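Residue numbers (this note's numbering), protein chains in the order written: chain F, 0 to 111; chain P, -7 to 183.
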């Protein structure tokens, strides 16, 4: 999946990558690769500004730490970030179920 | 182990556009990407090329950072609240017959020019597509707005014989804008 196809969902995907604990930018990318089986074809550099945007929105917080003599910035979910992730997950499940039902010609499993 | 020249050149492009703390974060990620290729047995030269390619176009990354530049948000907030403060001060000038104040013409023209310059700086910060340029314009614009509002408050108190409700509303608007300027400056200066 390419970056442009992920547009609109990148924030949720990044929040999900931080759900298990704090990570720095490269580790976030590695976590996404693992969770998607390497199907996410995203330029690594573009996730850093996205992380800053989420930080400005108060959904994650960033802090510097020193590992192996090199400073790196780790990000962790805030309470607002967890709520946002939960909301985005629910929205995605509903969206995916609706579109799947429409594309496959089946009835919606959980009509609203 | 020193990193190949291609990585240094890549970081130099980013350093020309972005603050040192952001470049440091990106450099760390790029170094880890490079090391991961080395661990897979790739030779240093191709590993560096692959790491840089995986990271993406540095100009695109710089442009993405410019979009999330805190200077943009701070400058937009000040520009949006500007008309409110301007209207409050216009009401003060009209109700207190400011044209009769003992302020020299040159000082009035100078104040107007400074105000226009500061608005221009804030517009450059709000619309800037280059991080460093927008950040510098934002810093100058925020300091300028804070100074103008402080001068307006002080000038009105000195020049006007009495404090009217209209003047209190204008002073309140200016005080809020000084606070907004300080709030906007903090994230720009800590990057």
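For each residue, glycine too, the CB sits at the ideal point set by N, CA and C.
Since the structure is predicted, the reported quantities are computational estimates derived from the model, not experimental observations.
Beta-carbon separation (whole angstroms), residue 5 (chain F) vs residue 59 (chain F), contact threshold 8 Å: Between the beta-carbon of residue 5 (chain F) and that of residue 59 (chain F) there is about 18 Å, and that puts the pair past the 8 Å contact cut.
Residues, ordered as in the chain, of the segment 12 to 42 of chain P that lie near chain F by beta-carbon distance below 9 Å: So the close ones are 13, 14, 16, 17, 18, 19, 20, 21, 22, 23, 24, 25 and 28.
Contact set between residue 57 (chain P) and chain F, taken where Cβ atoms lie within less than 9 Å: Within 9 Å Cβ-Cβ: 47, 48 and 51.
Per-residue burial, residue 104 (chain F) [other beta carbons within 10 Å of its own, 16 or more giving buried]: A residue is called buried when at least 16 other Cβ atoms come within 10 angstroms of its Cβ; residue 104 (chain F) does not meet this threshold and is exposed.
Interface partners of residue 62 (chain P) on chain F, CB under 8 Å: Within 8 Å Cβ-Cβ: 55.
Endpoints, alpha helix (DSSP H) assigned at residue 109 (chain P): Here the alpha helix (DSSP H) through residue 109 (chain P) covers 97 to 119.
Per-residue burial, residue 13 (chain P) [other beta carbons within 10 Å of its own, 16 or more giving buried]: It counts as exposed.
Within-8 Å CB hit, residue 25 (chain F) to chain P: At least one chain P Cβ lies under 8 Å of residue 25 (chain F).
Continuous beta strand (DSSP E) stretch holding residue 91 (chain P): start and end: No beta strand (DSSP E) contains residue 91 (chain P), which DSSP labels as neither H nor E.
Proximity test, Cβ basis, 8 Å: residue 46 (chain P) and chain F: So yes, residue 46 (chain P) belongs to the interface.
Residue from F:70, F:52 and F:95 whose Cα sits closest to the Cα of residue 58 (chain P): Among F:70, F:52 and F:95, the Cα nearest to that of residue 58 (chain P) belongs to F:52.
Counted within 10 angstroms of its Cβ, other Cβ atoms place residue 94 (chain F) as buried (16 or more) or exposed: Burial state of residue 94 (chain F) is exposed, judged by a 10 Å Cβ sphere holding fewer than 16 other Cβ atoms.
Nonlocal neighbours in the same chain, by C-beta distance under 6 Å from residue 164 (chain P), ignoring five residues either side: Once the five neighbours on either side are set aside, residue 164 (chain P) has no close Cβ partner at all.
Residue 167 (chain P) in three-state terms, based on DSSP: If DSSP states are grouped into helix, strand and coil, residue 167 (chain P) belongs with the helices.
Residue 0 (chain P) versus residue 8 (chain F): straight-line alpha-carbon distance, rounded: C-alpha separation (whole angstroms): 32 Å.
Neighbour flag for residue 140 (chain P) against chain F, beta carbons, 8 Å: Cβ-Cβ to chain F under 8 Å: no for residue 140 (chain P).
Rounded Cβ spacing between residue 48 (chain F) and residue 60 (chain P) (contact assumed at less than 8 Å): Contact between residue 48 (chain F) and residue 60 (chain P) holds: their C-beta atoms lie close to 5 Å from each other, under 8 Å.
CB contact check: residue 52 (chain P) to chain F, cutoff 8 Å: Yes, because at least one Cβ of chain F sits closer than 8 Å to the Cβ of residue 52 (chain P).
Nearest residue (CA-CA) to residue 50 (chain F), options F:70, F:100 and F:28: Cα-wise, what sits closest to residue 50 (chain F) is F:28.
Residues bridged to residue 69 (chain F) [DSSP beta-bridge criterion]: DSSP lists F:66 as partners of residue 69 (chain F).
Close Cβ partners of residue 162 (chain P) (< 6 Å) along its chain, the five nearest in sequence each way excluded: Excluding positions up to five away in sequence, the list reads 80, 81 and 84.
Below-8 Å beta-carbon distance, residue 77 (chain F) vs any chain P residue: False, the Cβ-Cβ gap to chain P never drops below 8 Å.
Buried versus exposed, by CB contacts within 10 Å (16 or more), residue 98 (chain F): Taking a 10 Å sphere around the C-beta of residue 98 (chain F), we find fewer than 16 other C-beta atoms and assign the residue as exposed.
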